[in-house]
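Worksheet: one structure, shown below.
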Amino acid sequence: MFKRIKNFFKKKKQPASLSGIHIYVEDSGEIYADISMADESEKSIESLASLLSMFSPKSFFQVSSIIRLQLESSDRLDLYVKIIEKSAGLVTFNQEDINKEYDEKPCINPSDMI
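Here the working numbering is used: the first residue of the sequence shown is 55, the next is one more, and so on.
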């Protein structure tokens, strides 16, 4: 019985994460994204690409541009190219999704002209 109680209160080891995206907004209202990868292995790149594929088209391009800026500042554009190539195979944008985000509306309604 005491062995069960001991195991119940024993801290469980957290699994190591391959990659992650943490998006937050500061008090100033600016949006930030922290991208983390365990290493530069194919498995880590694929996991980050699958995370990127969950975003809508507009958000995908915003987050991928943040990744580009972070990797460009550390002279690692080759890694950015690998991530985008992997995510290109996973990301599919429906025309309906694109139309919802970039809905074409007239700047001036005809009734406003009168």
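The beta-carbon is built from N, C-alpha and C at its ideal position, and this holds for glycine as well. For clarity, every value in this text was computed on a predicted model and none was experimentally measured.
Distance between beta carbons of Ser118 and Leu106, contact taken as under 8 Å: The beta-carbon separation of Leu106 and Ser118, rounded to 6 Å, stays under the 8 Å limit for a contact.
Hey, quick one: how far does the beta strand (DSSP E) through Ser73 stretch, first residue to last? Going by DSSP, Ser73 is part of the beta strand (DSSP E) stretching over 73–79.
Nearest-angstrom Cα separation, counted from Glu84 out to Ser98: So the two alpha carbons sit approximately 28 Å from each other.
Between which residues of its own chain and Ser101 is the CB-CB distance below 7 Å, once the five residues before and five after are set aside? Closer than 7 Å at Cβ, skipping near neighbours: Leu72, Ser73.
How many whole angstroms separate the CB atoms of Ile77 and Ala103, which I take to be in contact at a CB cut-off of 8 Å? For Ile77 against Ala103, the beta-carbon gap comes to about 17 Å, at or over 8 Å, which does not count as contact.
Whose CA, out of Ser110, Ala70, Ser113, lies closest to the CA of Ala92? Closest in C-alpha terms to Ala92, from the list Ser110, Ala70, Ser113, comes Ala70.
Where Ala70 falls: helix, strand or coil (DSSP): Residue state, collapsed to three classes: coil.
From Val79 to Ile121, what does the alpha carbon distance come to, in whole angstroms? Their backbone Cα atoms lie some 17 Å apart in a straight line.
Would you mind sorting Ser127 into buried or exposed? The rule is 16 or more other CB atoms within 10 Å of its CB. Ser127 is exposed by the Cβ-count criterion.
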